[in-house]
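For the sequence shown, position 101 (counting from the first letter as 1) is numbered 95 according to this note's numbering, and the numbering increases by one without interruption. Even for Gly, the Cβ is constructed at its ideal location relative to N, Cα and C. Model, not experiment: these values are computed from the prediction.
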Amino acid sequence: MIKTLIVDDSPLVRTILRNFLESDISFEIVGEAENGKEGVEKALELNPDLITMDIEMPIMGGLDAISEIKKALNTPIVVISTYDTAKMAYEATVKGAMEFYAKDVFTQRNPVKQKQVLGTLKQISGIKGRVPFKPDSVVREARRVENRKIDAVVIAASTGGPKALSQLYAAMPGDFPVPIITVQHNSSGFDKGFIQWLNTYTPLEVRLAEMGERPLKGNIYVAPTGQHLLIGYKGFLFNDGEPVNNQKPAADVLFRSAAQAYQNAVVSVVLTGMGCDGAEGTRYIRKAGGITIAQDEESSLIYGMPKAAAETGCVDMVLPLDKIPSKLVFLTRGQEKW
-5 MIKTLIVDDS PLVRTILRNF LESDISFEIV GEAENGKEGV EKALELNPDL ITMDIEMPIM
55 GGLDAISEIK KALNTPIVVI STYDTAKMAY EATVKGAMEF YAKDVFTQRN PVKQKQVLGT
115 LKQISGIKGR VPFKPDSVVR EARRVENRKI DAVVIAASTG GPKALSQLYA AMPGDFPVPI
175 ITVQHNSSGF DKGFIQWLNT YTPLEVRLAE MGERPLKGNI YVAPTGQHLL IGYKGFLFND
235 GEPVNNQKPA ADVLFRSAAQ AYQNAVVSVV LTGMGCDGAE GTRYIRKAGG ITIAQDEESS
295 LIYGMPKAAA ETGCVDMVLP LDKIPSKLVF LTRGQEKW
């Protein structure tokens, strides 16, 4: 059983979350708290396997509660937030939250979505005892990559992605010479809040990709929620087709289009996340002659997507998160240090 603590100042929301979680026999609600202070106290008392956390609450808010809990416990925390607090929800991932959802996700009668959310929560709850990542992990390169002109970088991320992307982009130089195009699986729909939040971490300009826009250097483009993003010869395209790998946008769709548009002048990166999105895309990039990177297991919150990519046999480099920025600079500018 996954012992779960619900922290939210609304009795109605607590009831909704309880009913949602208890629809699956794997979850047991062991406690509820109506503010962050009480949430901290009950977390220390109950030592749950999973905590759901609101953001705006009286006495102590969710961000402070997460910080306090993480000082004593490695319990996975999932933020349940509203669109008004989207930026703070992303900040919660830096403080230690593993994932977050909009509150209306739990009121929708969508069996497919419900199964997907419950599956994610189950996997997140299983990392409670994990040892935190330590920098300076071993770098593994499957083949030597020759020097060539690079025109773009494409990146895929899912669970754990916001924190990973904030760290990766914070380490990028402001004069990075090519555009970066990103698919971050975003079940909350907080894509505009994500852009605002991520912009505070990087000297590059973060923006939502727009139809027909040509990607330019110095910019990080993010795929909007609910549409597949492609890159064509004349700029960005959107595809409203079916989900791929249960995701929309899907990294495989972006990567395949990038392989066609850029051929061997593109670098792909698959970061932390559940599932296998990005694996087939990695095959496309490699087949076109591009360079492929996957995050290593030790630094990944969820080693699903990077593992699937690595298992294709088409990954050139398996790198810890803290080594990826300098490698991208090296590949695009031809110098190891900057």
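Spatial neighbours of ALA245 in its own chain (CB-CB distance under 6 Å, excluding positions within 5 residues in sequence) are listed in chain order as ALA150, VAL177, ASP271, GLY272 and GLY275. Here DSSP, grouped into helix, strand and coil, assigns ILE189 to helix. Ranking VAL1, GLY283, VAL72 and VAL323 by CA distance to the CA of PRO171 puts VAL323 first. Counting only unbroken stretches of 3 or more residues, the beta strand (DSSP E) elements lying wholly within the region 240 to 312 are 260 to 264 and 285 to 289, in sequence order. Counting the other Cβ atoms within 10 Å of the Cβ of VAL106 gives fewer than 16, which makes it exposed. Collapsing the DSSP output to three states places ARG327 in a helix. Counting every other CB atom within 10 Å of its CB across the protein chains shown gives TYR256 a total of 16 or more, marking it as buried. Inclusion of ARG12 and GLU26 in the CB contact set at 9 Å is warranted, their separation being smaller than that value. In the DSSP secondary-structure assignment, ARG201 is bridged to TYR215. For ILE144, the three-state secondary structure derived from DSSP is coil. Taking the Cα positions, GLN117 is about 15 Å away from GLU291. Ranked by how close their Cα comes to the Cα of ILE45, the residues GLU93, GLY220 and LYS281 have GLU93 in first place.
Note: ALA37 is not bridge-paired with any residue in the DSSP secondary-structure output.
Between LEU295 and THR76, the C-beta spacing is not below 9 Å. Contact between LYS(-3) and VAL24 holds, with the beta-carbon distance rounding to 5 Å and staying under 8 Å.
ILE279 is positioned such that its CB atom lies closer than 9 Å to that of ALA253.
In this structure, the alpha-carbon of ILE287 lies about 9 Å from that of PRO300.
Between the C-alpha atoms of LYS31 and GLU50 there is a straight-line separation of about 12 Å.
In this structure ASP234 is exposed. Its beta-carbon is surrounded by fewer than 16 other beta-carbon atoms within 10 angstroms. For LEU231 and GLU204, the gap between their C-alpha atoms comes out near 8 Å.
The C-alpha of TYR297 lies about 33 Å from the C-alpha of TYR227. Cβ contact annotation for ILE60 (same chain, cutoff 7 Å, sequence separation greater than five): MET47, ILE71, ALA86, LYS89, GLY90 and ALA91, in chain order.
With 16 or more other CB atoms across the displayed protein chains lying within 10 angstroms of its CB, GLY55 is buried. In the DSSP assignment, SER61 falls within the unbroken alpha helix (DSSP H) covering 56 to 66. The shortest C-alpha to C-alpha distance from ARG277 to any of MET268, GLY269, VAL73 and VAL264 is the one to VAL264.
Listed as beta-bridge partners of THR79 by DSSP are no residues whatsoever. With fewer than 16 neighbouring CB atoms inside 10 Å of its own CB, SER4 falls in the exposed class.
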